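Last residue of the sequence shown? That's 350 in the working numbering, and every number before it is there in order. Backbone N, C-alpha and C fix where the C-beta goes; we use that ideal spot for every residue, glycine too. From a predicted model like this one, the values you see are computed outputs, not experimental measurements. Down below is the structure, laid out as structure tokens.
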Amino acid sequence: MAKLEQINVGVIGVGWVGGIRANACAKNPIIDELHIAEINPKRQQEIKEEINPTRITDDWREIINDSSIDAVVISMTPETERFPIVLAALEAKKHVFVEKPIAPTIAETEQALSIAKDNNLKMTVGYSRRFDPRYAYINKALKGGLIGDPVTCLISRNSTRELGLKITGRSKMSPASIAGVHDLDFVLWAMQPRKPVKVYSQTAGKLFSKHSDTPDHQWVMITMDDGTTITVGIGWILPIGYPNYVQAFIEIIGTDGSLTIDDSHKDIQLNTVEHGIRYPLSSMPGEQIDHVFAGSMYEEVNHFINAIVFDTPVMVSAEEAKLVMEVYSAADLSVELGEPVSLPRNDFK
Ligand SMILES: NC(=O)c1ccc[n+]([C@@H]2O[C@H](COP(=O)([O-])OP(=O)(O)OC[C@H]3O[C@@H](n4cnc5c(N)ncnc54)[C@H](O)[C@@H]3O)[C@@H](O)[C@H]2O)c1
Numbered sequence: 002m003a004k005l006e007q008i009n010v011g012v013i014g015v016g017w018v019g020g021i022r023a024n025a026c027a028k029n030p031i032i033d034e035l036h037i038a039e040i041n042p043k044r045q046q047e048i049k050e051e052i053n054p055t056r057i058t059d060d061w062r063e064i065i066n067d068s069s070i071d072a073v074v075i076s077m078t079p080e081t082e083r084f085p086i087v088l089a090a091l092e093a094k095k096h097v098f099v100e101k102p103i104a105p106t107i108a109e110t111e112q113a114l115s116i117a118k119d120n121n122l123k124m125t126v127g128y129s130r131r132f133d134p135r136y137a138y139i140n141k142a143l144k145g146g147l148i149g150d151p152v153t154c155l156i157s158r159n160s161t162r163e164l165g166l167k168i169t170g171r172s173k174m175s176p177a178s179i180a181g182v183h184d185l186d187f188v189l190w191a192m193q194p195r196k197p198v199k200v201y202s203q204t205a206g207k208l209f210s211k212h213s214d215t216p217d218h219q220w221v222m223i224t225m226d227d228g229t230t231i232t233v234g235i236g237w238i239l240p241i242g243y244p245n246y247v248q249a250f251i252e253i254i255g256t257d258g259s260l261t262i263d264d265s266h267k268d269i270q271l272n273t274v275e276h277g278i279r280y281p282l283s284s285m286p287g288e289q290i291d292h293v294f295a296g297s298m299y300e301e302v303n304h305f306i307n308a309i310v311f312d313t314p315v316m317v318s319a320e321e322a323k324l325v326m327e328v329y330s331a332a333d334l335s336v337e338l339g340e341p342v343s344l345p346r347n348d349f350k
């Protein structure tokens, strides 16, 4: 049997999402040593019991300074404190998988991008929808012309206020920039080679805005360079449901047909006296059920590891992630100005 080339990987931040990624790494035979950085002692203990990694430290610098580690997955929060870790990892010549966003600003994203490019390092962002077969199918169908020329696309996604409170509690980022980015990435990917040229956005806030300046919902309207229109809506104030329930609906209309995804998770319904109706397996990251993982994160992590070992392109390029950032930055600027914003711009820094 041919010898398998193994690599060593570090995961920084093993909360909800990083925990899933660490578990995916632990099951991947291409990974020899798995190193974890986590500051929460409870999560340290839990992850130790789950996967018994080579090392658990509370200082991410230990992972970056260890030259035997080839790649890092950066899933710690808050997002606003992540860029120094991304930068240090790239400077230490490690391949990087990071949850969105790469950095708080486009200028810093460009800095990371150029270090990765100069050092021939893989850098990718956790836009997990691309690894969901339904979303991959829509991308394939659109690019293959199955519905002719796309005319318009509507995506509406809402999560519970439970998740909304978690997200808004750790940053002041807008709904589009922290949650809508997944749909923005998906639709910009599926619409390639079309490019966004105009963005208009409005927010509404009647609940969270009582205690913070975070809106409850944001609509983002995008015009592509061929005239296709896209509307993406993202909200986080649904009543508490299945822990971290998320529902979404996608509709794409073309000259020769239409494509829809009902991602509202009505396929499994659990009704109990204690909790009423719940929709299991509906959270965005997915979850482990005994021997099988329901969701796309394992596939996504394994793709990144394979890209390193086989030197193949990553699914989500840093340039694509930068374009998503330009669109949500334009949306947030549009909210501020109360008018549409044209792209490309050279004043986002
Ligand atoms: N791809 C997706 O579908 C998807 C879904 C949900 C969330 N996310 C993204 O994943 C990221 C993580 O979200 P989460 O819900 O897992 O957050 P979380 O708060 O549950 O986990 C973050 C973890 O980082 C740890 N941490 C904080 N500072 C640290 C440091 N300096 N060093 C090491 N560890 C540190 C915390 O203790 C915590 O355990 C977020 O950016 C979020 O936007 C992605």
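For Arg162, the number of other beta carbons within 10 angstroms of its own is at least 16, and it is reported as buried. Cα atoms of Ile64 and Asn303: separation of roughly 20 angstroms, rounded to the nearest angstrom. Restricted to the region 176-215, the beta strand (DSSP E) segments that are unbroken, complete and at least 3 residues in length are 197-205, listed in chain order. Taking the C-beta atoms as reference points, Phe250 is found no nearer than 8 angstroms to Thr125. Gly277: member of the beta strand (DSSP E) spanning Gly277 to Arg279, first to last residue.
If you draw a 10 Å sphere on the C-beta of Tyr329, you find 16 or more other C-beta atoms in it, and that means buried.
For the pair Ala113 and Leu147, the CB atoms are not nearer than the 8 angstroms cut-off. Contact annotation, Ala331 with Leu344: C-beta distance approximately 6 angstroms; criterion of less than 8 angstroms satisfied. Looking at the backbone, the Cα of Tyr128 and that of Gly181 are separated by about 11 angstroms. Beta-bridge annotation (DSSP): Asp263 is paired with Phe250. Between Asp150 and Gly255, the gap from beta carbon to beta carbon is short of 8 angstroms. Around the CB of Phe311, fewer than 16 other CB atoms lie within 10 Å, so the residue is classed as exposed.
Cβ atoms of Gly242 and Arg279 come within 8 angstroms of each other, at about 6 angstroms.
Counting only residues of its own chain and dropping the five nearest sequence neighbours on each side, Phe98 has a CB closer than 6 angstroms to the CB of Val74, Thr125 and Phe305. When the Cα atoms are used, Gln270 and Ala295 turn out to be separated by approximately 16 angstroms. Between Ile262 and Asp71, the gap from beta carbon to beta carbon reaches 8 angstroms or more. Gln248 and Glu6 have their C-alpha atoms some 40 angstroms from each other. Not one heavy atom of ligand 1 is found less than 7 angstroms from the C-beta of Trp237. Not one heavy atom of ligand 1 sits closer than 7 angstroms to the Cβ of Ser213. With a cut-off of 8 angstroms on Cβ pairs, the region 40-55 is not in contact with the region 78-94, counting fewer than three such pairs.
Scanning the region 45-128 for uninterrupted beta strand (DSSP E) segments of 3 residues or longer gives 56-58, 72-75, 96-99 and 124-126, listed from N- to C-terminal end. For Glu288, the enclosing beta strand (DSSP E) begins and ends at Glu288 to Ile290. Cβ neighbours of Gly206 within its own chain (closer than 6 angstroms, five residues either side excluded): Pro216 and Asp217.
Where Pro134 is concerned, there is no enclosing beta strand (DSSP E), although the alpha helix (DSSP H) around it starts and stops at Pro134 to Lys144. Residue range Pro151 to Thr161 is occupied by the beta strand (DSSP E) that includes Val152. A distance below 6 angstroms between beta-carbons, with the five flanking residues on each side excluded, links Gln203 to the following residues of its chain, in chain order: Trp220. DSSP links Phe349 through a beta bridge to no other residue. Rounded to whole angstroms, Val18 and Lys141 show a C-alpha spacing of 27 angstroms.
Shown here for Arg56: same chain residues with a beta carbon closer than 6 angstroms to its own, the five before and five after excluded, namely His36 in chain order. Leu166 carries a helical assignment under DSSP once its states are collapsed to helix, strand and coil. DSSP, read as helix, strand or coil, puts Gly20 in helix.
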